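These notes concern the structure reproduced below.
Numbering (our numbering), first residue to last: 1499 to 1653.
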């Protein structure tokens, strides 16, 4: 039987992403003793930077090449509370990538119980230092290939 799946990896071998872990700090909690909602966005950034490190192309390397990647949108659905002392496991996946824009999905669970805490997503674009859109496919083909290697099969 012929394999009819679409090659989302563009002929390159996919890279398996390891989850990122965050140990909740006291200062991240609010007066109610739970993590303040703004911290989830910071954790998403930490996990996204870890994803890039695993990809072999860190944010520092990206900026050294005069590429910036601002956030276009972010979405969070809080499913259950996180408290001081908890460890949150953040699974990241590239949900979409076209050479100019990048979409990342996040799934946060409690390390001890596996309980779902948050599902989230962020969208980014790639610009030069002057704020002009750049195509990684055209300008940085080696980086473009790495993003396709990280693409989630289920996206």
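For each residue, glycine too, the CB sits at the ideal point set by N, CA and C.
All of these numbers come straight from a predicted model, not from anything done at the bench.
Between which two residues does the alpha helix (DSSP H) harbouring residue 1546 extend? 1536-1553
Hey, residue 1580 and residue 1547: beta-carbon distance below 9 Å or not? no
Bridge partner(s) assigned by DSSP for residue 1626: 1565
On the premise that residue 1601 lies in contact with residue 1621, defined as a C-beta separation below 8 Å, what is that separation, rounded to the nearest angstrom? 5 Å
Please classify residue 1627 as buried or exposed, where buried requires at least 16 other C-beta atoms within 10 Å of its C-beta. exposed
Following the continuous beta strand (DSSP E) through residue 1637, name the residue where it begins and the one where it ends. Element bounds for residue 1637: not the beta strand (DSSP E) but the alpha helix (DSSP H), 1634-1637.
Comparing alpha-carbon positions, which option in 1554, 1598 and 1526 lies nearest residue 1515? 1554
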